[in-house]
Amino acid sequence: MTATDHFISEFTRLGRESAAAGPAWLRLAREAAVERFRELGFPTLDDEEWKYTNVAPIARTPFRIGNGFAVRGLTVEELQRVTFGEMDCTHLVFLNGRFAPELSRLRPVPDGVRIMSLAAALVEEPDRLEPHLSRHAQFEDHAFVALNTAFIQDGAFVYLPRRKVLEEPIHLIFVSAPNGSPRVSHPRNLIVAEAGSQAAVVESYVSLGEAAYFTNAVTEVVAGDGAVVDHCKLQRESEQAYHVATLQAHLSRSAHFASHSVSLGGALVRNDVNIVLDAEGVDCVLNGLYLAQGSQHIDNHTFIDHARPHGSSREFYKGVLSGRSHGVFNGKIRVRKDAQKTDAKQTNKNLLLSEEALVDTKPQLEIFADDVRCTHGATIGQLDEDALFYLRSRGLGREDARSLLIHAFASDLISRIPVVPVRTGLECLLMTRLPVGIEHREGI
Amino acid sequence: MLEIKNLRAKVGDREILKGISLTVKTGEVHAIMGPNGSGKSTLAQVLAGRDTYEVTGGEATYQGKDLLEMAPEERARQGLFMAFQYPVEIPGVSTMYLLRAGLNAARKQQGLEELDAMDFLSLVKEQAKLVEMDESLMNRSVNEGFSGGEKKRNEIFQMAVLQPKLAILDETDSGLDIDALRIVANGVNRLRGPDRAIIVVTHYQRLLNYIVPDRVHVLYEGRIVKSGGKELALELEDKGYSWIEEKLARA
Numbered sequence: 251m252t253a254t255d256h257f258i259s260e261f262t263r264l265g266r267e268s269a270a271a272g273p274a275w276l277r278l279a280r281e282a283a284v285e286r287f288r289e290l291g292f293p294t295l296d297d298e299e300w301k302y303t304n305v306a307p308i309a310r311t312p313f314r315i316g317n318g319f320a321v322r323g324l325t326v327e328e329l330q331r332v333t334f335g336e337m338d339c340t341h342l343v344f345l346n347g348r349f350a351p352e353l354s355r356l357r358p359v360p361d362g363v364r365i366m367s368l369a370a371a372l373v374e375e376p377d378r379l380e381p382h383l384s385r386h387a388q389f390e391d392h393a394f395v396a397l398n399t400a401f402i403q404d405g406a407f408v409y410l411p412r413r414k415v416l417e418e419p420i421h422l423i424f425v426s427a428p429n430g431s432p433r434v435s436h437p438r439n440l441i442v443a444e445a446g447s448q449a450a451v452v453e454s455y456v457s458l459g460e461a462a463y464f465t466n467a468v469t470e471v472v473a474g475d476g477a478v479v480d481h482c483k484l485q486r487e488s489e490q491a492y493h494v495a496t497l498q499a500h501l502s503r504s505a506h507f508a509s510h511s512v513s514l515g516g517a518l519v520r521n522d523v524n525i526v527l528d529a530e531g532v533d534c535v536l537n538g539l540y541l542a543q544g545s546q547h548i549d550n551h552t553f554i555d556h557a558r559p560h561g562s563s564r565e566f567y568k569g570v571l572s573g574r575s576h577g578v579f580n581g582k583i584r585v586r587k588d589a590q591k592t593d594a595k596q597t598n599k600n601l602l603l604s605e606e607a608l609v610d611t612k613p614q615l616e617i618f619a620d621d622v623r624c625t626h627g628a629t630i631g632q633l634d635e636d637a638l639f640y641l642r643s644r645g646l647g648r649e650d651a652r653s654l655l656i657h658a659f660a661s662d663l664i665s666r667i668p669v670v671p672v673r674t675g676l677e678c679l680l681m682t683r684l685p686v687g688i689e690h691r692e693g694i
Numbered sequence: 005m006l007e008i009k010n011l012r013a014k015v016g017d018r019e020i021l022k023g024i025s026l027t028v029k030t031g032e033v034h035a036i037m038g039p040n041g042s043g044k045s046t047l048a049q050v051l052a053g054r055d056t057y058e059v060t061g062g063e064a065t066y067q068g069k070d071l072l073e074m075a076p077e078e079r080a081r082q083g084l085f086m087a088f089q090y091p092v093e094i095p096g097v098s099t100m101y102l103l104r105a106g107l108n109a110a111r112k113q114q115g116l117e118e119l120d121a122m123d124f125l126s127l128v129k130e131q132a133k134l135v136e137m138d139e140s141l142m143n144r145s146v147n148e149g150f151s152g153g154e155k156k157r158n159e160i161f162q163m164a165v166l167q168p169k170l171a172i173l174d175e176t177d178s179g180l181d182i183d184a185l186r187i188v189a190n191g192v193n194r195l196r197g198p199d200r201a202i203i204v205v206t207h208y209q210r211l212l213n214y215i216v217p218d219r220v221h222v223l224y225e226g227r228i229v230k231s232g233g234k235e236l237a238l239e240l241e242d243k244g245y246s247w248i249e250e251k252l253a254r255a
């Protein structure tokens, strides 16, 4: 049995159970997706988009679909250990991919706003889903998106009617808990922000154990005219875990979308962020930070598609790599013929802390319009010896000075995260992740 | 305070310090002058512990201890301070944070309690006023986007906060206008005292109008070729470094 066969037989197995449920249009999408997955198979290093990331370990593991029930009994307190502050706001918790209502909390929201599990939305609000679900994240060329689509079952659904503003961020917490044999979950999220609405959504991926499991997530974001959506993703999976995720955003006129992606965990991680600026005057920000140690592999692929004029994109990714870790940054920017007056800027900076750490960085600019401003730059460097000496000459120990410089490098990106508990939590986490702890830089 | 004997240092295959001997007693201010390439900055950096220079011979004793055995941070915690000729920009690390960490590391070493945030803040505010340093600069990343003069003033400000026992100023005067020069000199003069010592490394005599040294040494091709009182600086200014070269050629 080949790797693909295994996943397909899981599909067939589930098909007899819950996967066949839901509206007819979704069943069709699932079947088309599994068919496409069968054709595509898992990508290999020969595939240009996957040339630095070998997914063979995922393909050869017989992952089974997890369920939320096996970890019932998990308490809010246990969960608080692996989250920061998210629990104080509206939050939806998913255990091994399934919504856990007893651990979730919904605070009052403005009229018409929907924050619910996708499974519930498929029953209660299928008409709101149909125009969007699986319409944006294309599975034609992406085996993992196809796989996720084939297994659409649960995740979060957020809907904001016109001009509704959510003051508080919404936290989606995806918890993986070891559960015997290797498990896979396919979280599927849909965020629809109608014209003039505003919200911040945080996706956190955490783990309660050090087991190998596979998270294959897809999030679709649809922002209407003038909508403002901040999306944060904190990937803190177990260091044995596999994490593949696609964030697909479709932006309308004068919408503002920001993505903040922080990758800390996972043995093998691949994040795709695809943004389509499909109307005039769209403004988007893509920030990313990846910290890899040991033998972690973290691949960030972004694609910003400037399809219409007067769009602006600002992309800033930073990586800190130690041990034998491997980082990949591939940033594609396409400026279509119509997209005059596009203003795009891409930066990728990498800090290598060991001889064996490795990074592949690849900017890809495809510009078909003639009146545009596009800049890109990538750097790979080590800690600045002059700066290290300067700090030490003021009395800081060697390791403290190193930590401080690494922290300064990374916190530049963390400070841009608009959701306060996430920003503060990351600041603290960063301290413990660095080689030597330094007192928290609170105040001064 | 500091006793250097026959100190030799090289970078790569090139020997830069070719046997330097110098004694600096507590309470003294020494000026080390010399033309470009004479080894002035190398001497300052070797004393601060920069490892790009390899010490190949000689010794340096600081407060009775082997200075050359100490890590740079150890030297700093024991009260040695160097004002950099070219201060480094460190994005993401504020001067305030750096100073607090440095000050508390030194206090810890001396068995003192760490300064709390309020005490620290009042200390830096007071010192900032004395060196006429804009407070907004202290909260910014170390030297990032500072003008040349601001960087030099930041060095003096750090010196004022850290209150070193032995301060080494590596060409702190170069590139400064007369107002900044006065501020720098005031900072140094305030530090002067019976239990401290200062080494002023400079190319020009100008700074020595404001910081009057007890001893002046002329460094030339890695050796101290002449030492004298404060008049020596004036004589050098008057006759130029070629005077030394000629004298050495005749000898």
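If you're matching them up, the sequences are chains A and B in order. Note that the working numbering has the first sequence beginning at 251, numbered continuously upward. Note that the working numbering has the second sequence beginning at 5, numbered continuously upward. For each residue, glycine too, the CB sits at the ideal point set by N, CA and C.
Those residues of the region 627-638 of chain A placed with their C-beta closer than 7 Å to a C-beta in chain B are D636 and A637, ordered along the chain.
Between F424/A and T465/A, the CB-CB gap stays under 8 Å. A Cβ-Cβ contact shorter than 8 Å links Y409/A with R378/A. Close CB contacts of V415/A within its chain, under the 8 Å cut and outside five residues either way in sequence, are with P360, S447, Q448 and A449 (chain order). Chain-ordered listing is empty here: chain B has no CB closer than 9 Å to the CB of G538/A, the nearest sitting near 17 Å. Between E225/B and the set V28/B, Q114/B, A184/B and G38/B, the nearest pair of CA atoms involves G38/B. According to DSSP, E63/B shares a beta bridge with K9/B.
Closer than 8 Å to the CB of M86/B there is at least one CB belonging to chain A. Residue pairing by DSSP places D555/A opposite V526/A and R584/A in a beta bridge.
Scanning chain A for C-beta atoms nearer than 7 Å to the C-beta of L102/B yields L641 and R644, reported in chain order. At a beta-carbon threshold of 8 Å, none of the residues of chain A lie near V205/B; the nearest stands roughly 15 Å away. Closest by C-alpha distance to A542/A, out of V451/A, E489/A and R558/A, is E489/A. By the C-beta density criterion, P358/A is exposed, having fewer than 16 other C-beta atoms within 10 angstroms. In the displayed model, C534/A falls within a strand according to three-state DSSP. For Q162/B, a Cβ of chain A is located within less than 8 Å of the residue's own Cβ. Inclusion of S545/A and S575/A in the CB contact set at 8 Å is warranted, their separation being smaller than that value. Around V59/B, no beta-carbon contact reaches into chain A at under 7 Å, the shortest distance being about 16 Å. Boundaries of the alpha helix (DSSP H) around E289/A: A274 to L290. The beta carbon of V188/B is closer than 6 Å to those of I160 and T176 in its chain, skipping five residues each way along the sequence.
By the neighbour-count criterion, in which a residue is buried when 16 or more other Cβ atoms sit within 10 angstroms of its Cβ, P312/A is exposed.
At a cut-off of 8 Å between C-beta atoms, I215/B does not count as an interface residue with respect to chain A. Beta-bridge analysis with DSSP links K230/B to V222/B. Per DSSP, the continuous alpha helix (DSSP H) segment holding N190/B begins and ends at I182 to L195. In the DSSP assignment, F85/B falls within the unbroken beta strand (DSSP E) covering L84 to A87. When the alpha-carbon of E239/B is set against those of I215/B, Y208/B and I228/B, the nearest one is in Y208/B.
DSSP lists K582/A as the bridge partner or partners of Q614/A. Its chain contains V33, A189, V192, N193 and V204 as the residues whose beta carbon lies nearer than 7 Å to that of I215/B, once the 5 sequence neighbours on both sides are disregarded; these appear in chain order. The beta-carbon separation of A491/A and G515/A, rounded to 7 Å, stays under the 8 Å limit for a contact. The residue from M100/B, K14/B and R210/B with its alpha-carbon nearest to that of R186/B is R210/B. In this chain, the beta strand (DSSP E) harbouring P95/B covers I94 to S98. Between the alpha carbons of Y66/B and V59/B lies a distance of about 16 Å. Sequence-distant Cβ neighbours of I248/B in its own chain, meaning closer than 7 Å and more than five residues away, are V222, Y224, V229 and K230.
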